[in-house]
Amino acid sequence: MGGDVAELKVIQLHVDYVEYEPIQPESGVYEEAEKKVYRIEEALLLLTSVEKGDNKMLAEKAIDDAAAFMKKLKISKLVIYPYAHLSVNLAPPSHAIEVIRAMKERAKALGLDFHAAPFGWNKRLVIAVKGHPLAEQLRSYAAEELAKPSEEVPEALLMEEKLESYWYILTPEGEMIPVKDFDFRGHENLEAFAKYEMQKSRAVLEQPPHVSLMKRLEIADHEPASDPGNLRWYARGRLIKSLLEQYVTEKVIEYGGIEVETPIMYDMGHPALKKYLHKFPARQYVIPVEDKKYFLRFAACFGQFLIAKDMQLSYRHLPLWLYELTRYSFRREKSGELVGLKRLRAFTMPDVHALCKDLEQAKEEMKKRLKLSLEVMEGIGFSEDDLEMAIRFTKDFYEENRDFIFDLVRMFGKPVLAEMWSERYFYFVLKWEFNFVDCQRKAAALSTDQIDVENARSYGITYVNEEGEEEYPIILHCSPSGAIERVIYALLEKAELMRQRGEKPMLPVWLSPIQVRIIPIKSMYVPDCVKLMEELEKNGIRVDVDDRDETVDKRIREAETEWIPYIVVYGEKEKTSGTLSVRIRSEDKIMAMKPEDLIAKIREETGDKPFKKLPLPKLLSRRPAFR
RNA sequence: GCCCCGGUAGCUCAGCUGGCAGAGCGGCGGCCUCGUAAGCCGCAGGUCGCGGGUUCAAAGCCCGCCCGGGGCUCCA
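This is the structure in structure tokens:
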């Protein structure tokens, strides 16, 4: 940034306190100051570097900006602190002191409660920066573009703050009802979701149920030796995750997705990425390699956009779906924000983009993708009662595309929470998500899609239209399932909700790590049980045999606590009759079934879902516990 | 980042106002060979997160730090 163009550089910090002590003058030009400790609390600190060519107008602009920010964050004190270390193109001290003085005068004119550290001194400095995303910002003011700061970082974020949101419920009947007027009877989850989104009042103390479940069921666990939010996955978890990954990928490919794979780290200095990167607070993992810095990707967008930019695209190729499932995407969320499988620092995200030639095509594609997402969620095992939809859009977009928005609502088939923004920020004009409302009545977004009208330009992605001219496509960003870990979170929370209703908690059969457990009554039946196991395995069923020297009761109990959908107890009766005694979890009863009937029943339940073999020893006597 | 809670055996946890480190489960050994949710007996297993301090005496109290969970905030 900057370099040859003069910019007034300001690091703006919202501080709990700042403390400085002038030690000695270190420049020929310096202000008078008393050598004592100055301490200012709850203030906005401006570490300011003046470059050659900066002027009074820039100084005033900087103060005006700071004042606006202070008002928004209700900060009452301002500290102006000359800080030469932000530039290699410093103005001479005699000039710099003038610009700093102009800042002070402006602050005085605006009636701000401000303090100014003396110019030209070597000072001891202690800063305690607050921990919110807007607390640290670099702002720079260039001489030729006075109107706005050259960094888009703070602007995008500040706009979000001042942006007005209007909340409605949209119904399949085509009504748009302000949330406060909507009758939520029969839509309790939607009500919880709406409240969650609008009020943000969340006083819950207990640990979410899925966290202890993920450990007890040997799905996943915290890894103390890694960074928080990077989990270890045990065999069952890896299996479940792998099945979900495979399922989503197959569905996307069925819809025409083109699967690619891209690097997980990118050069922070790359021009196309720099801008995107700087739009967000520093939440990346950064890896220094030789003299460069790389960040770990926080979404699949980069790799796909960089591929798309190099593709030879014509309108004939559009719409074009590019797909990748990232294992992993990395976001260095604040430590306090991490929650079990719901919010992680490393997560698996299927992401399918669609390049569309114009808005009409984008709208058609978005409908297809909503259908895809509905199918995926249903296929995983969520019912319509489990999901609530939100649609968010700008006012302008709504006015021009009302019918389209209600088409989406009708496809979902239930009332939908709508958030309407007075103006556009970020890169999309509309996004929708499915949300799951968990045991704590908190919501988490799963599937989502967005209409991006900005990134094609940023990345230089073009196609050639019918007239032979280059155009920027509109890009849709869809994750048909949302993060895979979060899907598992929702499945576990759903199971806990089942338990609370008095049903037996379980995972969908196709995702159950063990679908059938065979329990021989005596050790002499183990060979027969192994034979039966092999028969079931041949039919694409995950089976094991509890051959341990334990009582039948105990082995049944353990199979039940593992949520195994079918438990077969095998003894003399079964051996002679050829009929199995099957304990069916979902129906909470024991049924006599022929092996072929059991196979048929499971095959019907798992349908066309992916199958993977059990990645564990199949004899329980040979199987270690992970914890 | 801030606030709250926690860290004791592999796991889950008890251990009050300071007084010999415990239980259940799991593991190992033995008995039992069992018909739909925990059979019985025995054995092994501990730097009480780390470092200081107070005390005759610290798992416990004090100070500092590390780690984890939750809440706030945030969620491209």
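In terms of our numbering, the first sequence has 205 at position 205, counting the first letter as 1, and numbering is strictly consecutive.
Beta carbons are placed, not taken as given, at the ideal position from N, Cα and C, and that holds for glycine.
Since we're looking at a predicted model, the values are computed, not measured.
Are at least three pairs of beta-carbons, each pair with one atom in the region 231-239 and one in the region 597-617, less than 8 Å apart?
Touching, yes.
Pull up the distance between the alpha-carbon of residue 359 and that of residue 451, whole angstroms please.
Residue numbering aside, residue 359 sits at position 359 when the first sequence is read from its first letter. Residue numbering aside, residue 451 sits at position 451 when the first sequence is read from its first letter. Rounded to whole angstroms, residue 359 to residue 451 spans 9 Å at the Cα level.
Which residue from 604, 307, 428, 571 puts its Cα closest to that of residue 552?
Your numbering for residue 552 matches position 552 in the first sequence. The option with the nearest alpha carbon to residue 552 is 571.
Going straight from the alpha carbon of residue 15 to that of residue 436, what length do you get?
On the first sequence, residue 15 is found 15 positions in, with the first residue counted as 1. On the first sequence, residue 436 is found 436 positions in, with the first residue counted as 1. Cα to Cα, the separation comes out at about 37 Å.
Can you find the residues in the same chain that come closer than 8 Å, C-beta to C-beta, to residue 327, ignoring five residues on each side of it along the sequence?
Working through the first sequence from its first residue, we reach residue 327 at position 327. Cβ neighbours of residue 327 beyond the five flanking positions: 245, 348.
Across which residues does DSSP place residue 39 in a beta bridge pair?
The residue given as residue 39 occupies position 39 in the first sequence. In DSSP, residue 39 forms a bridge with 19.
Under three-state DSSP, which class holds residue 529?
Along the first sequence, read from residue 1 onward, the residue named residue 529 stands at position 529. Reduced to three states, the DSSP call for residue 529 is helix.
Between the Cα of residue 443 and the Cα atoms of 339, 309, 365, which residue gives the shortest distance?
On the first sequence, residue 443 is found 443 positions in, with the first residue counted as 1. Of the candidates 339, 309, 365, the one whose C-alpha sits nearest the C-alpha of residue 443 is 339.
Is the separation between the beta-carbon of residue 625 and that of residue 474 shorter than 9 Å?
Your numbering for residue 625 matches position 625 in the first sequence. Your numbering for residue 474 matches position 474 in the first sequence. No.
Which value, in whole angstroms, describes the spacing of the CA atoms of residue 385 and residue 417?
Along the first sequence, read from residue 1 onward, the residue named residue 385 stands at position 385. Along the first sequence, read from residue 1 onward, the residue named residue 417 stands at position 417. Cα to Cα, residue 385 sits roughly 15 Å from residue 417.
My output table needs one value for residue 589: the three-state DSSP class, helix, strand or coil.
For the purposes of this step, residue 589 is identified with residue 589 of the first sequence, where counting begins at 1. It is a strand residue.
What does residue 353 pair with, by DSSP beta-bridge criteria?
Working through the first sequence from its first residue, we reach residue 353 at position 353. The partner list for residue 353 (beta bridge, DSSP) reads 322, 477.
Quick one: Cα of residue 224 to Cα of residue 336, how far?
By one-based count along the first sequence, residue 224 stands at place 224. By one-based count along the first sequence, residue 336 stands at place 336. Answer to the nearest angstrom: the Cα atoms are 16 Å apart.
Just tell me which of 353, 494, 293 has its CA closest to the CA of residue 383.
Here residue 383 refers to the residue found at position 383 of the first sequence. Taking only the C-alpha atoms, the option nearest residue 383 is 494.
Among 464, 42, 228, which one has its Cα closest to the Cα of residue 660?
One cannot answer for residue 660 here, as it falls past the ends of the chain, which runs 1 to 627.
Roughly how many angstroms separate the alpha carbons of residue 20 and residue 93, rounded to a whole number?
Translated into positions along the first sequence, residue 20 becomes position 20. Translated into positions along the first sequence, residue 93 becomes position 93. Roughly 20 Å between the two C-alpha positions.
Going by C-alpha to C-alpha distance, which of 321, 597, 519 sits closest to residue 559?
One-based indexing of the first sequence puts residue 559 at position 559. The candidate whose alpha carbon is nearest that of residue 559 is 519.
Return the CA-CA distance between residue 291 and residue 268, expressed in angstroms with no decimal places.
For this step, residue 291 is matched to residue 291 along the first sequence. For this step, residue 268 is matched to residue 268 along the first sequence. Roughly 12 Å separates the two Cα atoms.
What number of angstroms, rounded off, separates the C-alpha of residue 159 from the C-alpha of residue 139?
On the first sequence, position 159 is the one that residue 159 refers to. On the first sequence, position 139 is the one that residue 139 refers to. Summary for residue 159: the model assigns pLDDT 45, below 50, so the residue's position carries little reliability, and this model does not support an answer.
How do the region 396-416 and the region 459-479 stand: do at least 3 beta-carbon pairs fall below 8 Å, yes or no?
The region 396-416 vs the region 459-479: no contact.
If we ignore side chains and look at the alpha-carbon of each, how far apart do residue 70 and residue 370 end up?
Walking along the first sequence from the start, residue 70 turns up at place 70. Walking along the first sequence from the start, residue 370 turns up at place 370. Looking at the two C-alpha atoms, the distance is approximately 42 Å.
Within 8 Å: the Cβ of residue 55 and any heavy atom of the ligand FMN?
Judged by which ligands are present, the structure shown has none, so any question about the ligand FMN falls away.
Within 10 angstroms of its Cβ, does residue 600 collect 16 or more other Cβ (buried), or is it exposed?
Here residue 600 refers to the residue found at position 600 when the first sequence is read from its first residue. Result: exposed.
Between the alpha carbons of residue 576 and residue 220, how many angstroms are there, rounded?
Working through the first sequence from its first residue, we reach residue 576 at position 576. Working through the first sequence from its first residue, we reach residue 220 at position 220. About 42 Å.
Who are the near neighbours of residue 117 in its chain, counting only those whose CB is closer than 6 Å to its CB and skipping five residues on each side?
Taking the first residue of the first sequence as position 1, residue 117 is located at position 117. Contacts found: 20, 81.
Can at least three beta-carbon pairs, one atom from the region 28-37 and one from the region 49-69, be found at a separation below 8 Å?
Taking 8 Å as the limit for Cβ pairs, the verdict is that the region 49-69 does not touch the region 28-37.
To the nearest angstrom, how far is the alpha carbon of residue 73 from that of residue 13?
The residue given as residue 73 occupies position 73 in the first sequence. The residue given as residue 13 occupies position 13 in the first sequence. Taking the straight line joining both Cα atoms gives about 12 Å.
What's the call for residue 122, buried or exposed, on a 16-neighbour Cβ count within 10 Å?
For the purposes of this step, residue 122 is identified with residue 122 of the first sequence, where counting begins at 1. Exposed: under 16 other Cβ atoms inside 10 Å.
For residue 23, which residues in the same chain have their Cβ closer than 8 Å to its Cβ, ignoring the five residues on either side in sequence?
Position 23 of the first sequence holds residue 23. So the list reads 35, 121, 122, 123, 124, once near-sequence residues are dropped.
Taking just the CA atoms, how far does residue 318 sit from residue 638?
The structure shown does not extend to residue 638, since the chain is modelled only from 1 to 627, so the question has no answer here.
Could you pull out every residue in the same chain whose Cβ sits closer than 7 Å to the Cβ of residue 190, ignoring the five residues on either side in sequence?
Within the first sequence, the letter at position 190 stands for residue 190. Excluding sequence neighbours, residue 190 sits near 184, 388, 415, 417.
For residue 51, which beta-bridge partners are listed by DSSP?
On the first sequence, position 51 is the one that residue 51 refers to. Answer is 90, bridged to residue 51.
Compare the C-alpha of residue 455 against each of 448, 471, 446, 445 and name the closest.
Position 455 of the first sequence, counted from the first residue, corresponds to residue 455. That would be 471, whose Cα lies nearest to the Cα of residue 455.
Helix or strand or just coil, what does DSSP make of residue 77?
Position 77 of the first sequence holds residue 77. In this structure, residue 77 counts as strand in the three-state DSSP scheme.
With a threshold of 16 other CB atoms inside 10 Å of the CB of residue 594, please say whether the residue is buried or exposed.
In the first sequence, the residue the question calls residue 594 occupies position 594. Result: exposed.
Would you call the region 390-398 and the region 424-438 touching, i.e. three or more CB-CB distances under 8 Å?
Judged by Cβ distances under 8 Å, the region 390-398 makes contact with the region 424-438, as three or more pairs qualify.
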